[in-house]
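Asker: Residue numbers (the working numbering), protein chains in the order written: chain A, 1 to 140; chain F, 1 to 140. The beta carbon of each residue, even a glycine, is placed where N, CA and C say it ideally should be. Since the structure is predicted, the reported quantities are computational estimates derived from the model, not experimental observations.
(1) For residue 33 (chain F), which residues in chain A fall below 9 Å Cβ to Cβ?
(2) For a test of the three-state rule: what should DSSP assign to residue 72 (chain F), helix, strand or coil?
(3) I want to see whether chain F comes within less than 8 Å of residue 103 (chain A), judged by CB atoms only; does it?
(4) Within 10 Å of its beta-carbon, does residue 86 (chain A) have 16 or more other beta-carbons around it, so buried, or fewer, so exposed?
(5) Residue 125 (chain A): buried (16+ other C-beta within 10 angstroms of its C-beta) or exposed?
(6) Buried or exposed for residue 121 (chain A), please, with buried defined as at least 16 other CB atoms from any protein chain shown within 10 angstroms of its CB.
(7) How big is the Cα-Cα spacing for residue 71 (chain A) and residue 113 (chain A)?
(8) Any idea if residue 44 (chain A) is buried or exposed, counting beta-carbon neighbours within 10 angstroms, 16 or more meaning buried?
(9) With a threshold of 8 Å between beta carbons, is residue 134 (chain A) in contact with chain F?
(10) In chain F, what lies closer than 9 Å to residue 84 (chain A) by C-beta?
(11) Kindly indicate if chain A contains any beta-carbon less than 8 Å away from that of residue 115 (chain F).
(12) Between the alpha carbons of residue 84 (chain F) and residue 61 (chain F), how many angstroms are there, rounded?
(13) By the DSSP assignment, the beta strand (DSSP E) with residue 96 (chain F) in it spans what residues?
(14) To the nearest angstrom, how far is it from the Cα of residue 160 (chain F) to the Cα of residue 117 (chain A)?
(15) Between which residues of its own chain and residue 21 (chain F) is the CB-CB distance below 6 Å, once the five residues before and five after are set aside?
(16) Against chain A, does residue 128 (chain F) count as a neighbour if the rule is that its beta carbon must be under 8 Å from one of theirs?
(17) Starting from the C-beta of residue 139 (chain F), find all residues in its chain whose C-beta is less than 6 Å away, skip the five residues before and the five after it, and write them out in chain order.
(18) Where do the ends of the beta strand (DSSP E) carrying residue 55 (chain F) lie?
(19) What distance in whole Å lies between the Cβ atoms of residue 58 (chain F) and residue 14 (chain F), which are believed to be in contact at a cut-off of 8 Å?
(20) Count the other CB atoms, across all protein chains shown, that sit within 10 Å of the CB of residue 93 (chain A); report buried if there are 16 or more and exposed otherwise.
(21) Use the C-beta contact count for residue 51 (chain A): other C-beta atoms within 10 angstroms, 16 or more gives buried, fewer gives exposed.
(22) Tell me the DSSP secondary structure of residue 9 (chain A) in three-state form.
(23) At the level of alpha carbons, what is the spacing between residue 100 (chain F) and residue 108 (chain F)?
(24) Would you say residue 106 (chain F) and residue 68 (chain F) are within 8 Å of each other, going by their C-beta atoms?
(25) Within 10 angstroms of the Cβ of residue 55 (chain A), are there 16 or more other Cβ atoms? Answer buried if so, exposed if not.
(26) What separation, rounded to the nearest whole angstrom, lies between the Cα atoms of residue 73 (chain F) and residue 53 (chain F)?
(27) At a Cβ threshold of 8 Å, is residue 139 (chain A) touching chain F?
(28) Output the boundary residues of the beta strand (DSSP E) element that contains residue 90 (chain A).
(29) Name the residue from F:127, F:11, F:115 whose alpha carbon lies nearest to the alpha carbon of residue 64 (chain F).
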């Protein structure tokens with residue numbers, strides 16, 4: 001039996017998305033280094049070209065809902081505002097699809113954190129193919 | 001005796017520069033992860049705000065000249081063109097200063113690689129304080 005930690009799963013998911021963006025041939029993508037250094041509020045992935053830039057927090061879950069701490073979302077916002085990027089949350093649910101959610105698509109929890117359900121992701125999220133082809137002017 | 005590998009020295013230098021940019025409060029900075037993943041042509045550091053973005057190759061040397069392979073420079077160019085960033089080479093010489101060189105400031109070697117001497121860096125390079133305050137419109 002191979003035990004794969006949640007952290008490794010997260011890194012594997014980030015890398016999967018990194019490869020997908022590079023494979024389009026239209027975007028560069030950069031992962032933030034994991035542990036070791038002093039932590040700065042950087043997103044899991046920074047993706048972009050000279051037209052658009054995405055700061056992406058990546059999550060993968062085996063359940064029907066993905067929670068996000070409010071600090072993570074605040075950091076993502078601050079980074080995106082400073083750098084000039086669009087903040088996105090990418091979640092891979094058990095259906096194996098990646099859903100791209102804008103921050104307004106997330107629901108607040110009672111404890112002021114955030115949550116996105118698979119059902120809600122299906123309704124509001126963009127697929128990978130949609131985000132790489134979407135029009136920057138109509139995206140917000 | 002502590003042996004510090006050239007690789008660790010390189011990472012320490014990248015981190016030093018990373019901290020310097022964050023400490024300005026005006027830029028975000030992101031290091032590319034070291035080993036482990038498939039290698040994509042990403043710079044050592046990506047630094048920026050909504051006005052300017054720098055793709056930076058960092059080097060530190062104990063000698064009077066720093067060599068750079070042509071592939072490194074080509075990768076830096078390709079990344080910068082695709083992402084929309086200014087390509088820079090940052091070298092820390094034994095005088096401990098960081099010099100920021102644009103690609104035109106590098107000299108070609110006989111083998112079609114690149115080199116920058118301390119003397120030439122002093123003449124052509126920008127100091128850290130200059131690069132963070134320089135005007136994007138007059139920088140090229």
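Answerer: This is what the structure holds:
(1) Those are 30, 31, 32, 33, 34, listed as they occur along chain A.
(2) Taken through DSSP and simplified to helix, strand or coil, residue 72 (chain F) comes out as helix.
(3) Not flagged as an interface residue toward chain F: residue 103 (chain A), since no C-beta distance is shorter than 8 Å.
(4) Answer is buried; the Cβ neighbour count reaches 16.
(5) So residue 125 (chain A) counts as buried.
(6) By the 10 Å Cβ count, residue 121 (chain A) comes out buried.
(7) Counting only the Cα atoms, residue 113 (chain A) lies some 8 Å from residue 71 (chain A).
(8) With at least 16 other beta carbons inside 10 angstroms of its own, residue 44 (chain A) counts as buried.
(9) Not one chain F Cβ lies under 8 Å of residue 134 (chain A).
(10) Within chain F, the residues near residue 84 (chain A) are 48, 49, 50, 51, 53.
(11) The beta-carbon of residue 115 (chain F) is placed no less than 8 Å from the nearest beta-carbon of chain A.
(12) Between residue 84 (chain F) and residue 61 (chain F), the C-alpha separation is close to 29 Å.
(13) Where residue 96 (chain F) is concerned, there is no enclosing beta strand (DSSP E), given that its DSSP letter is neither H nor E.
(14) Shown here, chain F extends from 1 to 140; a query on residue 160 (chain F) therefore has no answer.
(15) Correct list, in chain order: 27, 29, 47.
(16) No - not a single Cβ of chain A is within 8 Å of the one on residue 128 (chain F).
(17) Confidence at residue 139 (chain F) is low in this model, with a pLDDT of 46, below 50, so the placement of that residue is unreliable and no value is reported for it.
(18) For residue 55 (chain F), the enclosing beta strand (DSSP E) has its first and last residue at 53-60.
(19) In this structure residue 14 (chain F) is in contact with residue 58 (chain F), their Cβ atoms being roughly 5 Å apart against a cut-off of 8 Å.
(20) Classification for residue 93 (chain A): buried.
(21) Burial state of residue 51 (chain A) is exposed, judged by a 10 Å Cβ sphere holding fewer than 16 other Cβ atoms.
(22) Of the three classes helix, strand and coil, the one that applies to residue 9 (chain A) here is helix, per DSSP.
(23) Spanning the two alpha carbons is a distance of roughly 17 Å.
(24) Yes, the Cβ-Cβ distance between residue 106 (chain F) and residue 68 (chain F) is below 8 Å.
(25) With 16 or more Cβ atoms within 10 Å of its Cβ, residue 55 (chain A) is classed as buried.
(26) Cα to Cα, the separation comes out at about 17 Å.
(27) Legend: pLDDT at residue 139 (chain A) = 46, less than 50; position of this residue unreliable, value from coordinates given subsequently. Answer no: the Cβ-Cβ gap between residue 139 (chain A) and chain F never drops below 8 Å.
(28) Taken as a continuous stretch (DSSP letters only), the beta strand (DSSP E) holding residue 90 (chain A) covers 86-92.
(29) Nearest of F:127, F:11, F:115 to residue 64 (chain F), Cα basis: F:115.
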